[in-house]
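Numbering (UniProt numbering), first residue to last: 1 to 180.
Notes follow once the structure below has been shown.
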């Protein structure tokens, strides 16, 4: 067999494999055609707009993005909370972290994490920060259940292990997720 024929057979085999792996399910984090999304406008207790959080259906879970502006510089815990309410002054109305699987808090906790646990949001000296994370197994139906959910930004860094909130301090911004 010539090298050209072997190369053609190899390309054909790769093409067939790629076509077969397309299937009905997207890989974790891969965009899903027609996937739903929800958005939350993040505001301080004084009602100042400090950014936006978005949840989008992707293969195997939900992709969360946070675009913050006008926030205090530093590292801040960021979580999805289980109630879609953001009543000032302390946003306690948002409830605890979204935790449908009854785990403990934090990706570094052997009994964790909560579904609503996200990495820390790092805000620069210009007041801007972004975060993007895919949460495996999370669903839009669970996120937008009867009482909804909210995204909350905390005053301090999340230590990613201490139950229930990673010692992340007070709630400084909150936004209710609503379907787009």
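Glycine included, C-beta positions come from ideal geometry on N, C-alpha and C.
Let me know the secondary structure DSSP gives residue i once reduced to three states.
i: residue 149; result: coil
i: residue 95; result: coil
i: residue 82; result: coil
i: residue 42; result: strand
i: residue 142; result: helix
i: residue 30; result: coil
i: residue 110; result: coil
CB of residue i to nearest heavy atom of the ligand ATP: below 7 angstroms?
i: residue 150; result: The ligand ATP is not among the ligands present in this structure, which contains no ligands whatsoever.
Measuring only the C-alpha atoms, how far is residue i from residue j?
i: residue 123; j: residue 171; result: 15 angstroms
i: residue 69; j: residue 55; result: 18 angstroms
i: residue 180; j: residue 66; result: 16 angstroms
i: residue 34; j: residue 52; result: 22 angstroms
i: residue 206; j: residue 30; result: In the structure displayed, the chain extends from 1 to 180; residue 206 sits before or after that span and is not available.
i: residue 22; j: residue 132; result: Low local confidence applies: a pLDDT of 42 at residue 22 is under 50, so the model's placement there is unreliable, and no value is given.
i: residue 101; j: residue 168; result: 21 angstroms
i: residue 111; j: residue 166; result: 13 angstroms
i: residue 162; j: residue 91; result: 20 angstroms
i: residue 47; j: residue 59; result: 35 angstroms
Between residue i and residue j, how many whole angstroms is the CB-CB distance? I'm expecting something under 8 angstroms.
i: residue 151; j: residue 175; result: 5 angstroms
i: residue 125; j: residue 73; result: 5 angstroms
i: residue 121; j: residue 177; result: Rounded, the Cβ-Cβ distance is 16 angstroms, inconsistent with contact.
Which residues in the same chain have their Cβ closer than 7 angstroms to the Cβ of residue i, if we skip the five residues on either side of it in sequence?
i: residue 98; result: 80, 81, 82, 114, 115, 116, 149
i: residue 44; result: 50, 172, 173
i: residue 107; result: 113, 117, 160
i: residue 89; result: 45
i: residue 95; result: 81, 82, 83
i: residue 87; result: 93
For residue i, I'd like the list of residues in its chain whose CB is within less than 6 angstroms of its CB, leaving aside the five on either flank, ordered along the chain.
i: residue 61; result: 134, 135, 136, 137, 138
i: residue 63; result: 56, 134
i: residue 75; result: 120, 122, 157
If you check the beta carbons only, do residue i and residue j fall under 8 angstroms apart?
i: residue 77; j: residue 157; result: yes
i: residue 140; j: residue 38; result: yes
i: residue 127; j: residue 71; result: yes
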